[in-house]
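K.L.:
Residue numbers (our numbering), protein chains in the order written: chain A, 442 to 574; chain B, 3 to 594. We put the beta carbon where it would ideally sit given N, CA and C, even for glycine. Once you've had a glance at the structure underneath, I'll fire off some questions.
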Amino acid sequence: MQRQVALIKQSLFDQGYLDEQFIELEELQDDANPNFVEEVATLYFKDSARLISNIEQALERGSFDFNRLDNYMHQFKGSSTSIGASKVKTECTMFREYCRVGNAEGCLRTFKQLKKEHATLRKKLEQYFQASK
Amino acid sequence: MLTPGAVGGSSNSDPFPSGLRVLVVDDDPTCLMILERMLKTCLYRVTKCNRAEIALSLLRKNKNGFDIVISDVHMPDMNGFKLLEHVGLEMDLPVIMMSADDSKSVVLKGVTHGAVDYLIKPVRIEALKNIWQHVVRKKQNVSEHSGSVEETGGDRQQQRDDDDDDGGDNNNSSSGNNEGNLRKRKEEEQGGDDKEDTSSLKKPRVVWSVELHQQFVAAVNHLGVDKAVPKKILEMMNVQGLTRENVASHLQKYRIYLKRLGGVSQHQGNINHSFMTGQDPSYGPLNGFDLQGLATAGQLQAQSLAQLQAVGLGQSSSPLIKPGITSVDQRSFFTFQNSKSRFGDGHGPMMMNGGNKQTSLLHGVPTGHMRLQQQQMAGMRVAGPSMQQQQQSMLSRRSVPETRSSRVLPGATHSAFNNSFPLASAPGMMSVSDTKGVNEFCNPSYDILNNFPQQQHHNNNNSVNEWDLRNVGMVFNSHQDNTTSAAFSTSEAYSSSSTHKRKREAELVVEHGQNQQQPQSRSVNPMNQIYMNDGGSVRMKTETVTCPPQATTMFHEQYSNQDDLLSALLKQEGLLDTEFDFEGYSFDNILV
């Protein structure tokens with residue numbers, strides 16, 4: 442089990458899903474707060490799901506309020522950065538860039554990719570935490 | 003390095019820095035949770051909050067319940083900068099901004115709005131470990147400025163080169179200051195321990211509420227700006243719990259503010275008008291003027307100033323930037339023109355430059371002269387640059403210990419708050435800022451700003467904590483236009499005469515600004531800060547701001563007169579140390 446945990450973790454880093462910020466979080470975990478990282482991850486996914494849904498709605502409306510979209514994405518980027526979700530963060534940055542230039546098509550594409558990365562990370566982390574128990 | 007116990011003097015029960023009470027505000031729950039964990043790991047006492055409004059009400063309810071605030075920039079209900087302003091004005095607590103956005107403009111904004119630091123997300127625990135320094139620094143500054151630096155660790159002061167006014171000798175020369183500071187600090191420390199709150203970092207801050215300030219101004223006017231001495235003012239005000247020191251430091255700041263108004267108003271004239279009307283019709287032009295002045299004093303954070311301006315201009319957009327912009331212009335304006343053109347009428351020289359040998363200038367309260375000028379100045383201009391300067395100085399101050407000049411500009415990233423941005427509407431930057439001056443100035447001025455808050459702190463009157471400074475500035479303006487302008491101008495003038503001087507002014511301004519932060523009303527802040535300077539020790543410390551003389555040369559000659567006058571006046575009044583030279587404009591020594 443331990444090995445599996447290590448392997449999962451390693452792959453997450455190697456594939457760029459997580460970055461050193463995640464390690465920072467792990468360092469905050471101690472005996473007094475043994476599940477800190479998992480708690481944070483849970484919170485993150487809950488909150489980001491909300492953000493994703495907001496963005497989705499905004500995009501579906503078709504009005505493309507880039508400012509608003511950018512705001513959402515800023516939030517998303519902030520929390521993704523805080524937990525070390527590297528790939529998600531990259532997609533956020535790209536999305537914001539498209540917002541900045543007003544490229545709706547680019548936004549849509551990137552958003553799709555972002556959702557995919559987000560879902561993948563979620564699954565992998567779930568595996569990871571499961572294995573760590 | 004300071005040991006936990008040493009800082010803040012005696013009454014601190016918490017082993018500093020652990021136990022530092024941090025309020026962290028961020029709408030992102032993930033970040034909030036992580037920050038909380040990190041701060042707890044640093045052994046701080048954390049309160050988290052996901053809405054700025056809640057944070058503000060928490061802060062208001064527990065005026066002395068927190069030592070420092072960390073806030074995100076982008077929040078749905080209230081812009082982080084706005085919160086920053088409020089906190090600075092009302093509670094005078096150090097505020098750290100943070101954001102995933104590391105663009106220079108945003109960082110600059112933070113700086114100009116008075117944040118003591120700016121962290122880029124993801125925040126690392128190492129960055130949080132050192133936030134206590136901001137608390138100590140702020141307290142130190144406050145105590146330094148308040149006439150009788152009672153509290154705050156004396157050792158802290160010793161460390162700070164820029165703390166100048168402590169010893170009451172405003173010799174800007176750092177060495178002079180240091181000595182003075184050290185001396186003073188020690189005295190204070192000994193005496194300060196007894197004072198409740200003063201010595202501890204947690205001492206209650208005296209807040210010059212609007213009413214209180216009005217009383218103060220009334221008393222000052224009654225006595226005559228030039229003749230007003232803390233003791234008499236105190237008697238006239240007859241406010242329970244107010245100490246002579248409180249009044250003294252406030253008086254100093256007030257004077258500086260007046261001086262500043264004199265110089266700034268020129269620039270701001272236009273802006274102020276719109277500004278003012280927006281703000282408070284009753285005040286009329288003066289208001290705007292004051293706001294600016296206040297803003298410059300550093301009290302009014304760029305944001306508030308901007309907002310005020312926006313209001314005045316009938317805009318509702320985030321004016322945050324405005325002050326910066328205007329201030330920038332003003333700044334140069336201010337620096338160069340203060341003395342001369344600003345005043346347009348020819349009264350100009352009075353204020354800013356030493357040209358007028360008005361003693362009143364020195365006092366910051368010009369008598370007939372100033373009045374005219376002030377009116378002309380419309381305050382805003384002064385405010386603008388002042389703000390900048392103050393900000394800058396604030397920033398620079400901070401970095402002073404580190405690297406003064408370099409900080410100023412580039413600093414603004416992450417935590418390079420300190421010096422990074424002198425120009426941005428740093429309140430209080432006034433004098434020094436003229437271009438380069440600013441940068442350098444910034445360094446020292448930062449302390450100054452800090453000093454002011456200390457003053458308030460110093461006052462410690464619990465009763466005053468609640469004072470609403472809001473109107474103070476306003477009141478101030480109305481009759482003090484002249485004086486304020488004078489105050490400003492003189493300070494600027496002084497600085498012009500030499501780089502040191504400039505620094506001083508900037509510092510003064512900065513300090514004013516800083517101190518002003520305590521008062522709640524934003525508009526008032528600049529004024530308050532100015533007062534503070536007076537009351538507190540104006541840190542003229544010449545942190546070696548090597549402001550390019552360019553700006554100063556212009557009014558150099560004008561200022562020189564003032565220097566003498568100022569020192570003479572101050573000495574006369576017993577406000578300054580005998581060794582006072584403009585540089586040594588230490589308000590601390592106000593004798594009652």
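P124(B): buried (16+ other C-beta within 10 angstroms of its C-beta) or exposed?
P.N.:
Result: buried.
K.L.:
By Cβ distance below 7 angstroms, which residues in the same chain neighbour L549(A) in space, the five residues on each side in sequence not counted?
P.N.:
L500.
K.L.:
With V26(B) as the anchor, note down where its beta strand (DSSP E) starts and where it stops.
P.N.:
R23 to V27 is the extent of the beta strand (DSSP E) around V26(B).
K.L.:
Check for me: the beta strand (DSSP E) holding Y120(B) runs from which residue to which?
P.N.:
Note, Y120(B): beta strand (DSSP E), D119 to I122.
K.L.:
Could you give the DSSP three-state label for I258(B): helix, strand or coil?
P.N.:
Residue state, collapsed to three classes: helix.
K.L.:
Based on Cα-Cα distance, which residue from G503(A), T483(A), Q470(A) and E497(A) lies nearest to A526(A)?
P.N.:
For A526(A), the nearest C-alpha among the options comes from T483(A).
K.L.:
Can you have a look at K255(B) and say buried or exposed, based on whether 16 or more other CB atoms are within 10 angstroms of its CB?
P.N.:
With 16 or more Cβ atoms within 10 Å of its Cβ, K255(B) is classed as buried.
K.L.:
Which residues, taken in chain order from the region 37-58 of chain B, show a beta carbon closer than 8 angstroms to some beta carbon of chain A?
P.N.:
Those residues of the region 37-58 of chain B that come within reach of chain A (Cβ to Cβ, closer than 8 angstroms) are R39, M40 and T43.
K.L.:
By DSSP's criteria, I98(B) is part of a beta bridge. Which residues make up the other side?
P.N.:
Per DSSP, I72(B) and D119(B).
K.L.:
Between the alpha carbons of E55(B) and V48(B), how many angstroms are there, rounded?
P.N.:
Roughly 18 angstroms between the two C-alpha positions.
K.L.:
Quick one: give me the first and last residue of the alpha helix (DSSP H) that K84(B) is part of.
P.N.:
G82 to H88 is the span of the alpha helix (DSSP H), which, as asked, contains K84(B).
K.L.:
Is the Cβ-Cβ distance between C533(A) and L555(A) less than 8 angstroms?
P.N.:
Yes, Cβ-Cβ distance for C533(A) and L555(A) is below 8 angstroms.
K.L.:
State the start and end residues of the unbroken beta strand (DSSP E) segment that holds R47(B).
P.N.:
Where R47(B) is concerned, the enclosing beta strand (DSSP E) stretches over R47 to C51.
K.L.:
8 angstroms is my cut-off, CB to CB: does A102(B) come that close to chain A?
P.N.:
Judged by the 8 angstroms Cβ criterion, A102(B) is in contact with chain A.
K.L.:
Pull up the CB-CB distance for K65(B) and M93(B), whole angstroms please, since I reckon it's below 8 angstroms.
P.N.:
Yes, K65(B) and M93(B) are in contact; Cβ-Cβ is about 7 angstroms, under 8 angstroms.
K.L.:
Under the three-state reduction of DSSP, which class applies to D228(B): helix, strand or coil?
P.N.:
DSSP places D228(B) in coil when its eight states are reduced to three.
K.L.:
Give the interface partners of F570(A) over in chain B, defined as CB-CB distance under 9 angstroms, in chain order.
P.N.:
Those within 9 angstroms of F570(A) in chain B number zero; the least Cβ separation is about 16 angstroms.
K.L.:
Give the residues of chain A in contact with K123(B), contact being defined as C-beta atoms less than 7 angstroms apart.
P.N.:
By Cβ distance, chain A contributes G519, T522 and S523.
K.L.:
Quick one: is K574(A) buried, meaning 16 or more other Cβ sit within 10 Å of its Cβ, or exposed?
P.N.:
Classification for K574(A): exposed.
K.L.:
When you compare only the Cα positions, how much space is there between R506(B) and A250(B)?
P.N.:
Its pLDDT being 44, under 50, R506(B) is placed unreliably by the model, and the measurement read from it follows with that caveat. Rounded to the nearest angstrom, the two C-alpha atoms are 19 angstroms apart.
K.L.:
In this structure, how does DSSP classify A526(A) when only helix, strand and coil are distinguished?
P.N.:
Three-state DSSP puts A526(A) in a strand.
K.L.:
What residues in the region 453-466 of chain A bring their beta carbon closer than 7 angstroms to a beta carbon of chain B?
P.N.:
Under the 7 angstroms Cβ criterion, the region 453-466 of chain A contributes Q462, E465 and L466.
K.L.:
Tell me which residues share the same chain as K553(A) and place their Cβ nearer than 8 angstroms to its Cβ, disregarding the 5 neighbours each side in the sequence.
P.N.:
Taken in chain order, the list of residues that qualify is empty.
K.L.:
Give the list of continuous beta strand (DSSP E) stretches no shorter than 3 residues that lie fully inside the region 488-517 of chain A.
P.N.:
Runs found: none.
K.L.:
May I ask whether a heavy atom of the ligand ADP can be found less than 7 angstroms away from the beta carbon of L555(A)?
P.N.:
Of the ligands one can find in the structure shown there are none, so the ligand ADP has no counterpart to examine.
K.L.:
Is there at least one Cβ from chain D nearer than 8 angstroms to L469(A)'s Cβ?
P.N.:
No chain D appears in this structure, whose protein chains are A and B.
K.L.:
So with CB distances below 9 angstroms, who are the chain A contacts of P31(B)?
P.N.:
In chain order: L484, Y485, K487, D488 and S520.
K.L.:
Just grab the DSSP bridge partners of N459(A) for me.
P.N.:
The sequence shown places Leu at residue 459(A), not Asn. Per DSSP, A526(A).
K.L.:
Give the range of the alpha helix (DSSP H) segment to which S107(B) is assigned.
P.N.:
Here the alpha helix (DSSP H) through S107(B) covers K106 to T114.
K.L.:
Kindly indicate which residue of V97(B), K42(B), K131(B) and V89(B) has the alpha-carbon position closest to the one of A473(A).
P.N.:
Selected option, being the one with the closest Cα: K42(B).
K.L.:
Which residues in the same chain have their Cβ closer than 7 angstroms to the Cβ of A117(B), if we skip the five residues on either side of it in sequence?
P.N.:
Closer than 7 angstroms at the Cβ level, and outside the excluded window around A117(B), lie L86, V97, I98, M99 and F419.
K.L.:
Rounded to whole angstroms, what's the CA-CA distance from V231(B) to M80(B)? Just pull it up for me.
P.N.:
Taking the straight line from one Cα to the other gives about 42 angstroms.
K.L.:
Enumerate in chain order the residues of its own chain whose CB-to-CB distance from M535(A) is below 6 angstroms, with the five nearest sequence positions on each side excluded.
P.N.:
Once the five neighbours on either side are set aside, the close Cβ partners of M535(A) are T551.
K.L.:
Let me know the secondary structure DSSP gives G547(A) once reduced to three states.
P.N.:
It is helical.
K.L.:
What residues from chain B crowd round N575(A), counting only those whose CB sits closer than 8 angstroms?
P.N.:
Since the first and last residues shown for chain A are 442 and 574, residue 575(A) lies out of range.
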